[in-house]
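Chemist: Got a structure for you, questions after.
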Amino acid sequence: MGLFDKFLGIFDENKQPGENTDGGKMPLLDKIAPYKRTTWMPFVEEDVDDEALATKIGGTAYLAPGENYPVCNNCQEPLTLFLQINPASLPENCDLDLEPDKLIQLFYCTNQHPHCETECQAWQPFAKSQLARTTVIPSTDVTLPAKAIPRQFPVRLVSDWVENEDYPDWHEMQQGAAGLSEQEVEELENEETAVPKAADKLGGWPYWVQGVEYPKCPECGIQMQMIFQLDSNHHLPYMFGDAGIAHLHQCRLHKNMLAFGWSSY
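Heads up, the sequence shown is in our numbering, so the first residue is 97 and it goes up one at a time.
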């Protein structure tokens with residue numbers, strides 16, 4: 097089975113949440129319909145040359161002229177690039193309202209001597225062994241740093257996006273106005289197409305492992321929006337705890353404020 101076929105296996109476009117096998121719609125679909133969002137799963141190219149300004153998972157980050165590669169504030173060694181997003185390469189109908197002239201970059205310390213993830217509690221947003229930031233996209237051609245970065249992951253260039261509908265899990269709808277019964281909550285838990293996609297994805301609803309954990313912007317205190325989800329060992333060869341899932345959030349008002357966190361089973 098090819099990689100694209102695997103994507104389609106995760107995103108079954110012909111089946112809607114709450115749909116009976118005979119084609120009839122259960123009341124649950126009407127209740128969760130207002131929560132529907134669009135999500136996009138990255139289609140990546142492997143074993144290719146890295147590109148400085150590309151949207152990518154892994155690889156080497158673009159740096160401004162004269163800038164040193166970011167280092168961990170705990171061990172002082174270079175951070176590992178987990179994700180870089182160029183708004184120019186996102187789907188045309190993406191509604192995340194990213195700054196068109198800035199890259200989004202996510203760095204994380206994977207050093208285990210010392211084990212910065214544990215020492216800094218890097219599963220929490222704003223930990224000192226991680227860096228989530230925006231940086232201005234240059235108007236001229238650029239090249240990547242020639243020097244190899246320790247613990248750098250192979251690049252996966254995002255060349256396309258697979259669009260699908262996404263729905264929140266019952267944790268979030270209990271906090272909303274859906275008014276789900278215990279039976280409907282159980283049905284959602286058992287309905288794979290109704291819960292948020294547990295995969296690498298742009299936008300949509302977070303897949304919460306241990307309950308709802310939206311960070312708040314340090315500047316204004318409002319709840320931040322998820323812009324990207326990273327699943328353990330999906331495209332990024334990294335395990336977040338025990339098969340955990342990570343989320344990158346951004347403030348809607350203060351675009352330079354980004355927060356990264358994860359939880360596991």
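Even for Gly, the Cβ is constructed at its ideal location relative to N, Cα and C.
Quick one: residues in its chain with C-beta nearer than 6 Å to the C-beta of N352, no 5 flanking neighbours on either side, listed in chain order?
Modeler: Taken in chain order, the residues that qualify are T230.
Chemist: Short of 6 Å in beta carbon distance, which residues of its chain neighbour I200, apart from the five on each side in sequence? Order them along the chain.
Modeler: If we look at I200 and ignore the five residues flanking it on each side, its Cβ neighbours are I181, T230.
Chemist: Excluding the 5 residues flanking E195 on each side, which residues of the same chain have their C-beta closer than 8 Å to its C-beta?
Modeler: Excluding residues within five positions, the ones whose Cβ falls inside 8 Å are P183, T230, K351.
Chemist: Could you check whether the Cβ of H330 sits closer than 8 Å to any Cβ belonging to chain D?
Modeler: Given the protein chain composition of this structure (a single chain), no chain D is represented.
Chemist: Three or more C-beta pairs under 8 Å: does that hold for the region 160-167 against the region 127-137?
Modeler: Contact between the region 160-167 and the region 127-137 is absent, because fewer than three Cβ pairs lie under 8 Å.
Chemist: Evaluate the contact criterion for the region 221-237 versus the region 338-358: three or more CB pairs, one atom per stretch, below 8 Å.
Modeler: Counting Cβ pairs under 8 Å, three or more are found: they touch.
Chemist: Please return the same chain residues whose Cβ sits closer than 8 Å to the Cβ of A294, not counting the five positions on each side in sequence.
Modeler: Excluding sequence neighbours, A294 sits near Y303, D327, I341.
Chemist: Using the rule of at least 16 other Cβ atoms within 10 Å of the residue's Cβ for burial, across every protein chain shown, is L349 buried or exposed?
Modeler: Under this definition L349 is an exposed residue.
Chemist: For the region 235-253 against the region 147-160, are there 3 or more C-beta pairs whose distance is under 8 Å?
Modeler: The answer is yes - the region 147-160 touches the region 235-253, with three or more Cβ pairs under 8 Å.
Chemist: Using three-state DSSP, classify L284 as helix, strand or coil.
Modeler: Helix, per DSSP.
Chemist: Only counting runs of 3 or more residues, tell me where the beta strand (DSSP E) segments fall wholly within the region 151-187, in order along the chain.
Modeler: You should have 176-181.
Chemist: Output yes or no for whether 8 Å exceeds the beta carbon distance between T135 and G300.
Modeler: Against a cut-off of 8 Å, the Cβ pair of G300 and T135 comes out as a contact.
Chemist: Does DSSP classify L298 as helix, strand or coil?
Modeler: In this structure, L298 counts as strand in the three-state DSSP scheme.
Chemist: Select from E309, D191, Y158, D296 the residue whose C-alpha is nearest the C-alpha of F324.
Modeler: The shortest Cα separation from F324 among E309, D191, Y158, D296 belongs to D296.
Chemist: Measuring only the C-alpha atoms, how far is A150 from C212?
Modeler: The straight-line gap from Cα to Cα measures roughly 28 Å.
Chemist: When the Cα atoms are used, what is the spatial distance from T176 to L186?
Modeler: Each residue's Cα considered, the two are about 23 Å apart.
Chemist: Around the C-beta of C316, are 16 or more other C-beta atoms found within 10 angstroms, so that it is buried, or is it exposed?
Modeler: With fewer than 16 Cβ atoms within 10 Å of its Cβ, C316 is classed as exposed.
Chemist: What did DSSP end up calling W219 once you bin it into helix, strand or coil?
Modeler: Here W219 sits in coil by DSSP.
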